[in-house]
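Only one structure is covered here, and it is reproduced in the block below.
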Amino acid sequence: MLLSIPKSEMKERQQKFLKKLEEKKCDAAVLFGITDIFYLTGFHFHPTERPIGVIIDPEKKFHLFVPALEHDHAEEYSVIDYVHSYPEYPGIKHPMEYFKDLLKEYGVEGKTIGYDSIGYGSSQGYRGPSVDKLIEAKEFVSVFGMIEEMRFIKSANEIELIKESCRWGNLAHRLLQKYTKVGLSEIEITSRASMEATMAMIETLGPDYKPHGRTASAGFRGQVGPESAFPHAVTQNIVMQKGYTLVTGAGADVFGYHSELERVMFVEEVSKEQEKYFNYMYEAQEVAFNAIKPGAPHSSVEEAVQQYFKEQGITDLTLHHTGHNIGLLGHEAPFFDLGDDTIMEPGMVVTVEPGIYVQGIGGFRHSDTVLITEEGNELLTYYPRDLESLICK
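This is the structure:
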């Protein structure tokens, strides 16, 4: 059972990144992107006001720059040539001054330097200088998006981790449906299903399992009854009533890799109006599945779905695109958007989630995780999609 990315694959990613830097004529690079650092080094961390970054020096060595409280953690878990740390911030010397010293010590100053962001950034109160204020460079070259593009096509190991995620998301959703009853609140149902699925997950996978994200979970995110007509509703602890439309979400992270499973469910009974919109949504998802194939642009999937909505006269009930790529982030580029002509390739993993939203009745959205293959596509999520299977009794 695969539960992590092997160190050998991390090294392969680093070598691939070095080749891309050469193509950009970069002698060195500085990276601050949280997901990109994890992708290249396997070091999973919580970004705070304390700067963390990666330096690739002109000798092609990878350096991880961390606060002292992360040093042992980084040494233990990262695939890296050197780990450097600095004392706690705030202090007499700003952390980026230590970073500047490293850049100079390892010969980065005066070179052509690739960067994903000109400075470290965090939502947790960080204040400090950007790299271009620290050292002189022959040239600063943006490599923003370069590693994200490396992540577009998943390796065999990444696909296995996503499949493992799908299995436990499936269990969490099964329990969510089982415990959805009239008179119970969304928080009560969500907590019970998520805890039970998580306990089964950790007992089955054992101590080698590292979520690097969330464990098995399932819930409604506030899309309960009339609130389900808001695509991004928030949890409000609503109590279930007979006839409610529910939009669910379930998943489980495995070594940072996500999957997405969403379903429309109904509490005990379904009206003719609910059934009508459910069928529109179901057919729209079928249209999308049929349009996903290697060699075609992402935009072609959205075009096919939009054409279906137009033919049914319900375009005004749609509020978002058909889906997106998924992997280390819940939403990754490329997207099934009319303006995104990125070509679909084997190994990409996407979500398919066309939605319909009817005020007063509810939201109607399934989401499945799909692998693009040489022949077409393969559904990785496998929870029932038909109406009868999604009535909570």
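Residue numbers (full-length UniProt numbering): 1 to 393. Think of the CB as a built atom: it goes at the ideal place given N, C-alpha and C, for glycine as much as any other residue.
Report task. Count the other C-beta atoms from every protein chain shown that fall within 10 angstroms of the C-beta of Q223, then say buried if there are 16 or more, exposed otherwise. Result -> buried
Query raised in the report: Helix, strand or coil: which one does DSSP assign to V349?
Result: strand
Query - Start and end residues, beta strand (DSSP E) containing H63 - result: Here the beta strand (DSSP E) through H63 covers F62 to P67.
Query - Inter-residue spacing [alpha-carbon to alpha-carbon] between S78 and F43 - result: Near 5 Å, if we compare the C-alpha coordinates of F43 and S78.
Requested in this report: Whole angstroms is fine: what's the gap from S194's alpha carbon to I326's?
Outcome: 21 Å
**Report entry** Short Cβ contact (9 Å threshold) for E268 with V182
**Finding:** yes
Query raised in the report: Given a threshold of 16 other Cβ atoms within 10 Å of its Cβ, counted over all protein chains shown, does Q14 qualify as buried or as exposed?
Result: buried
Query raised in the report: Out of G121, Q124 and K138, which has the shortest C-alpha to C-alpha gap to L107?
Result: It is Gly, not Leu, that sits at residue 107 in the sequence shown. Among G121, Q124 and K138, the Cα nearest to that of G107 is on K138.
Query raised in the report: Between the beta-carbon of V264 and the beta-carbon of F220, is there less than 9 Å?
Result: no
Requested in this report: Locate the beta strand (DSSP E) running through G219, then write down its first and last residues.
Outcome: S217 to G219
Query raised in the report: With DSSP run on the structure shown, which of helix, strand or coil describes C392?
Result: strand
**Report entry** Nearest neighbour of Y89, chosen from G128, K111, Y115 and A74 [CA to CA]
**Finding:** Ranking G128, K111, Y115 and A74 by Cα distance to Y89 puts G128 first.
Report task. Can you give me the start and stop residues for the alpha helix (DSSP H) that V370 sits inside? Result -> Careful: V370 lies outside any alpha helix (DSSP H), inside the beta strand (DSSP E) at D368 to I372.
Query raised in the report: Rounded to a whole number of angstroms, what is the C-alpha to C-alpha distance between F335 and I238?
Result: 32 Å
Query raised in the report: Quick one: any contact between the region 337 to 357 and the region 306 to 324, if contact means 3 or more CB pairs under 8 Å?
Result: yes
Query raised in the report: In chain order, what residues of the same chain lie with their CB nearer than 7 Å to the CB of I34, ignoring the 5 residues before and after it?
Result: P47
Query raised in the report: With distances taken between CB atoms, is the gap from E353 to Q306 smaller than 9 Å?
Result: No; because the gap between Cβ atoms is not below 9 Å, this pair is not in contact.
Query raised in the report: Quick one: Cα of L21 to Cα of T315, how far?
Result: 44 Å
Requested in this report: Could you check the C-alpha separation between I356 and A218 for me, to the nearest Å?
Outcome: 21 Å
Query raised in the report: Rounded to a whole number of angstroms, what is the C-alpha to C-alpha distance between I147 and Q274?
Result: 43 Å
Report task. For P297, name the three-state secondary structure that DSSP assigns. Result -> Strand.
Query raised in the report: On the three-state DSSP scale, how would you describe V141?
Result: Strand at V141.
Query raised in the report: So does the region 228 to 237 actually touch the region 197 to 209, counting three or more Cβ pairs closer than 8 Å?
Result: no
Report task. Output yes or no for whether 9 Å exceeds the beta carbon distance between S165 and Y257. Result -> yes
Query - Sequence ranges, beta strand (DSSP E) only - wholly within the region 236 to 315, length at least 3 - result: 245 to 247, 249 to 251 and 264 to 267
Query raised in the report: Should D57 go down as buried or exposed, given a rule of 16 or more other Cβ atoms within 10 Å for buried?
Result: buried
Query raised in the report: Straight-line CA distance for K178 to T190?
Result: 11 Å
Report task. Please work out which residues of its chain come closer than 7 Å, Cβ to Cβ, to V83, disregarding the five sequence neighbours upstream and downstream, and give them in chain order. Result -> L64, V66, H71, A74 and E75
Query raised in the report: So, A252 versus R167, is the Cβ gap smaller than 9 Å?
Result: Cβ distance < 9 Å, so A252 and R167 count as in contact.
Query raised in the report: Applying the criterion that 16 or more other CB atoms from any shown protein chain within 10 Å of the CB defines a buried residue, is V281 buried or exposed?
Result: According to the sequence shown, residue 281 is Met rather than Val. Classification of M281: buried, given that the 10 Å Cβ count is 16 or more.
Requested in this report: Just grab the DSSP bridge partners of A29 for me.
Outcome: I56 and G114
Report task. Would you mind sorting Y382 into buried or exposed? The rule is 16 or more other CB atoms within 10 Å of its CB. Result -> exposed
Query raised in the report: In three-state terms, what does DSSP make of G355?
Result: Three-state DSSP puts G355 in a strand.
Query raised in the report: Just how far apart, CA to CA, sit R50 and K7?
Result: Take the alpha-carbon of R50 and the one of K7: they are about 26 Å apart.
Query - Beta-carbon proximity list for Y126, same chain, < 6 Å, skipping 5 on both sides - result: E49
Requested in this report: Could you say which of A216, D36 and E160 lies nearest to S4 if we only look at CA atoms?
Outcome: E160
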